[in-house]
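When you line the sequence shown up against our numbering, it's residues 6 to 255, in that order.
Idealized CB from N, CA, C, for every residue including glycine.
One structure is given here, and the rest of the page talks about it.
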Amino acid sequence: QRLWGDLSLSDDTPVVVVADPSLDTIPWPALPRLRSRTWTLAPSAALWCAPETRPPITAESSVLLVAGPRLEAADLEIARIAESWPRSTQIDSTRSAANLVLDALSTCDVAHFAAHGTFRRDSPSFSSISLADGDLPVYDLETLAAVPRVVVLAACDLGRFAVRGSGDVLGTAAALLHLGVGTVIAPLTPVDDVAITPVMRRLHRHLAAGLDPATSLQKARVESSAARTVAAAASSLVAISADHAVPGAA
6 QRLWGDLSLS DDTPVVVVAD PSLDTIPWPA LPRLRSRTWT LAPSAALWCA PETRPPITAE
66 SSVLLVAGPR LEAADLEIAR IAESWPRSTQ IDSTRSAANL VLDALSTCDV AHFAAHGTFR
126 RDSPSFSSIS LADGDLPVYD LETLAAVPRV VVLAACDLGR FAVRGSGDVL GTAAALLHLG
186 VGTVIAPLTP VDDVAITPVM RRLHRHLAAG LDPATSLQKA RVESSAARTV AAAASSLVAI
246 SADHAVPGAA
């Protein structure tokens with residue numbers, strides 16, 4: 006009640022949450038006022054208000070699917086997701102070298118990483134995604150000539166961010182948004198890589214059907230509520246967005 010005050014919102018009104026970064030570990034999807042609605046998390050109002058001009062995602066969009074090492078279900082995850090995308094490129098856990106991934110990121114509309122990730126609150130620019138030839142740090146992403154519209158990070162903690170004294174929002178998701186990515190879908194907490202796989206299949210099926218990322222994630226959460234471990238994995242995910250694709254958001 007203290008968080009929402011006296012807002013009079015119907016259950017189907019989409020919501021954009023702009024929260025202080027000190028609240029970045031709150032399990033937002035578990036809050037009663039968010040559990041049943043479409044919503045997005047914006048690291049800052051400035052990012053949310055930036056203009057968006059790129060076309061929406063469709064089944065014909067180009068998709069990059071990357072698997073990282075030391076994860077039981079990573080290669081299976083990207084293979085299952087590829088079933089929803091006719092124009093997908095898969096880079097499996099034995100071939101996911103940083104230079105190959107960076108080149109492919111510059112030419113796709115949607116990117117998905119099934120990989121370990123590390124968030125560094127002490128030095129957010131050194132937060133990283135684990136690939137076959139080592140870690141891909143956030144600062145390397147700044148070399149990209151172009152970026153996808155949607156990036157999915159099925160990697161622990163990579164939805165988290167930190168703020169410097171200057172007010173700059175830092176972290177993997179925030180860096181991608183500053184570079185021009187419209188929406189980053191990522192967990193705020195560690196996730197079970199086996200349990201997250203069916204959630205990701207459902208998420209991508211809805212994205213390929215033309216739904217916006219926040220609505221796709223909400224539908225995937227609802228469809229993943231039966232099994233406890235899968236539901237827990239789904240509840241860790243947030244759509245962190247600078248994209249205005251959710252109509253009627255409050």
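Who are the near neighbours of residue i in its chain, counting only those whose CB is closer than 7 Å to its CB and skipping five residues on each side?
i	result
residue 141	103, 106, 133 and 134
residue 197	234 and 238
residue 86	70, 117, 205, 206 and 209
residue 236	229 and 230
residue 78	198, 199 and 202
Quick check on the DSSP output: the alpha helix (DSSP H) that includes residue i runs from which residue to which?
i	result
residue 203	198-213
residue 194	Counting along the chain, residue 194 falls outside any alpha helix (DSSP H), and DSSP gives it neither H nor E.
residue 177	177-184
For residue i, name the three-state secondary structure that DSSP assigns.
i	result
residue 218	helix
residue 149	coil
residue 109	helix
residue 117	strand
residue 189	strand
residue 18	coil
residue 123	strand
residue 94	strand
residue 45	strand
First and last residue of the beta strand (DSSP E) that includes residue i?
i	result
residue 36	Unbroken run through residue 36: none, as it is neither H nor E.
residue 244	242-246
residue 143	Per DSSP, residue 143 belongs to no beta strand (DSSP E) and is neither H nor E.
residue 133	133-136
Excluding the five sequence neighbours on either side, which residues of its own chain have a C-beta within less than 8 Å of the C-beta of residue i, listed in chain order?
i	result
residue 150	111
residue 92	65, 66, 67 and 68
residue 6	Interpretation of residue 6 is limited by its pLDDT of 49, a score under 50 that renders its predicted location unreliable; the figure taken from the coordinates is listed afterwards. Same-chain partners within the cutoff: there are none.
residue 131	125, 142, 143 and 144
Is it buried or exposed for residue i, if we count other Cβ within 10 angstroms and need 16 for buried?
i	result
residue 124	buried
residue 23	exposed
residue 220	buried
residue 143	buried
residue 43	buried
residue 214	exposed
residue 137	buried
residue 108	exposed
residue 226	buried
residue 177	buried
residue 60	exposed
residue 191	buried
Would you say residue i lies against chain B (beta-carbon separation less than 9 Å)?
i	result
residue 237	Looking for chain B here will not work: only one protein chain is present.
Can you give me the Cβ contacts of residue i inside the same chain, cut-off strictly under 6 Å, excluding the 5 residues immediately before and after it?
i	result
residue 181	156 and 189
residue 80	72, 97 and 98
residue 119	72, 79, 82, 83 and 159
residue 212	62 and 221
Practice prompt. Identify every run of the beta strand (DSSP E) within the segment 57-84, keeping only runs that are complete inside it and at least 3 residues long; order them along the chain.
Written response: 68-72
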